Amino acid sequence: MSHPVAPTPRILEVRTKILKANDETARAMRARFESLGLLVVNLVSSPGTGKTSFLLETLRRLAARNVPVAAVVGDLETDNDARRLAASGVPVRQIMTHGLCHLEADMVEAHLAGWDLAGLHYLFVENVGNLVCPTSWDLGESVRVALLSVTEGEDKPLKYPGLFNTADIAVITKIDLAAACEFDRDRALENIAAVRPGMRVLETSAKTGAGIDDWLAFLTDRRQTLPRACDTSPGRESGGAVVLGHDRGTTTTPDD
Amino acid sequence: MHELSIATKVTALATQHAAEHGDCRVAAVTLRIGQLSCVHEDALRSAFDIAREGTPLAAADLRIVAVPVRVWCPHCLAERELPGIQRFACPDCGRPTGDIRAGCELDLESLELVETADT
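Protein sequence lines, in the order shown, are assigned to chains A and B.
To convert, take the position in the first sequence, counting from 1, and add 5; that gives the numbering used here.
To convert, take the position in the second sequence, counting from 1, and add 7; that gives the numbering used here.
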């Protein structure tokens, strides 16, 4: 017969990243992509910023230059965006998340099956339209882009500092509408700089083509920096302000 | 509502760790959540209530340690805590800095395990 003695709790120090599994998958994907000379670009913005139009213009331009490129696009429902992007003639796949508000690394990986990644120069991942949830999920990308349209207001970066802080570059879209929206360019640039000092900002319009050449030049430059045939990426785990923002490794976890 | 994905991952990780330590239930789980992690505490608590049903965490106390953002100021040569996340500048000298040293955490820190045998 046992007595009602309160059991003694045991403290187990775990100290692990909650998204460890995703981070590990993403890290392995990035190492593989980079060793193939494949630059993977994760596009993140609110719904309605114009990610798909921006990406369509990007794919068209690259396809016209015979650059091997592909795209995967995430949406809660419908394959409308994949069909729009397919107009570029580039291979495109749709990831339907069925309600999930962000993409995760294994979802992207599963949608790459059968593609000859070794023959590609660029792979674009259009995330689910959301400025909050995709922030924590590394998709194995080498470049994370935060997009903001002139119709959204200049204070978006201040309202969503998490995403802007993890981005490698900010792209302002729809600048052809700037005057009609009374877009305060200086304030927008100031706000981006406040949450991510020194981050490059491109001002673009998928409609007029403004800024797209600069964007393509940025992609070319970034692809040149890829460590070919190398299975680790030095600098990524070093902490502090390294080149790529979202994988800073600001915490030390013994099992990482 | 990515907090539900996070809560599900916390529950799975904690269940796995608890299983490695015999027949246990989890009495408490402690998380470290950085201010820049984009996780809303109330949303995470609600999500946790859903995610833990039917797991060894069913009665667990969720403890959240909020981690403020700390940056390195290359001018003051010191680490500083930011009063908010809208301006990445040294609170002392005012110069911009993006050298983040803390505040992005999304960590499972510890578990409090109680043996379930003989109860």
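Glycine included, C-beta positions come from ideal geometry on N, C-alpha and C.
Because the structure is a prediction, the values reported are computed rather than measured.
query	result
CB of Ala31 of chain A within 8 Å of CB of Ala110 of chain A, strictly	yes
Short Cβ contact (8 Å threshold) for Gly105 of chain B with Pro202 of chain A	yes
Ile13 of chain B, buried or exposed, once every other Cβ within 10 Å from all chains shown has been counted against 16	buried
Length of the line joining the Cα atoms of Asp80 of chain A and Val45 of chain A	18 Å
Beta-carbon proximity check, Leu38 of chain B vs Arg15 of chain A, cutoff 8 Å	no
Beta-carbon proximity of Leu48 of chain A to Val137 of chain A, cut-off 8 Å	no
Per-residue contacts from Glu48 of chain B into chain A (C-beta, under 9 Å)	By Cβ distance, chain A contributes nothing, its closest Cβ being about 14 Å from Glu48 of chain B, past 9 Å.
Cβ of Thr209 of chain A within 8 Å of any chain B Cβ	no
Beta carbon proximity, Val72 of chain B to chain A, threshold 8 Å	no
Rounded C-alpha distance that separates His24 of chain B from Val19 of chain A	8 Å
Endpoints, alpha helix (DSSP H) assigned at Phe169 of chain A	166-171
C-alpha distance - Lys22 of chain A paired with His107 of chain A, whole-angstrom precision	18 Å
Rounded distance between the beta-carbons of Ala69 of chain A and Leu90 of chain A, thought under 8 Å	The Cβ separation is near 15 Å, so there is no contact.
Classification of Gln229 of chain A by the beta-carbon crowding that lies within 10 angstroms, buried from 16 upward	exposed
Within 8 Å of chain A by C-beta, residues of the region 102-118 of chain B in sequence order	Pro103, Thr104, Gly105, Asp106, Ile107, Arg108, Ala109, Gly110, Cys111, Glu112, Leu113, Asp114, Leu115, Glu116, Ser117, Leu118
Collapsed DSSP secondary structure at Phe188 of chain A in the structure displayed	coil
Where Asn132 of chain A sits in the DSSP three-state scheme	coil
Closer than 8 Å to chain A by CB, Glu88 of chain B	no
Beta strand (DSSP E) runs contained entirely in the region 45-103 of chain A, provided each spans 3 or more residues	74-80, 97-101
Whether Ser1 of chain A touches His9 of chain B by CB criterion (8 Å)	The structure shown does not extend to residue 1 of chain A, since chain A is modelled only from 6 to 261, so the question has no answer here.
Residues near Leu73 of chain A by beta carbon distance below 6 Å, same chain, minus five either side	Rather than Leu, the amino acid found at residue 73 of chain A in this sequence is Pro. The residues are Gly124, Leu125, His126.
At least 3 beta-carbon pairs within less than 8 Å: the region 64-81 of chain B vs the region 36-51 of chain B	yes
For Ile13 of chain B, the three-state DSSP class (helix, strand or coil)	helix
Other residues of its chain near Arg192 of chain A: CB distance less than 6 Å, five sequence neighbours each side excluded	Glu159
Arg32 of chain B - containing beta strand (DSSP E), residue span	31-41
Simplified DSSP assignment, three categories, for Lys179 of chain A	coil
DSSP-derived helix/strand/coil call for Asp48 of chain B	Correcting the residue identity first, residue 48 of chain B is Glu in this sequence and not Asp. In the structure shown, Glu48 of chain B sits in a helix (DSSP, three-state: H, G or I).
DSSP state of Pro103 of chain B mapped onto helix, strand, coil	strand
Stretch pair the region 46-53 of chain B + the region 33-44 of chain A: three plus CB contacts closer than 8 Å	no
Min CB distance Ala65 of chain B to chain A below 8 Å	no
Ser117 of chain B - partner residues in DSSP beta bridges	A:Glu18, B:Thr37
Short Cβ contact (8 Å threshold) for Arg87 of chain B with Pro63 of chain B	no
Exposure label - Thr54 of chain A; buried when at least 16 CB within 10 Å	buried
8 Å Cβ shell around Ser53 of chain B - same chain, five flanking residues per side excluded	Glu10
Run of the alpha helix (DSSP H) containing Arg32 of chain A, from where it starts to where it stops	25-40
Near-chain B residues of the region 97-110 of chain A (beta-carbon distance less than 8 Å), N- to C-terminal order	Leu105, Cys106, His107, Glu109
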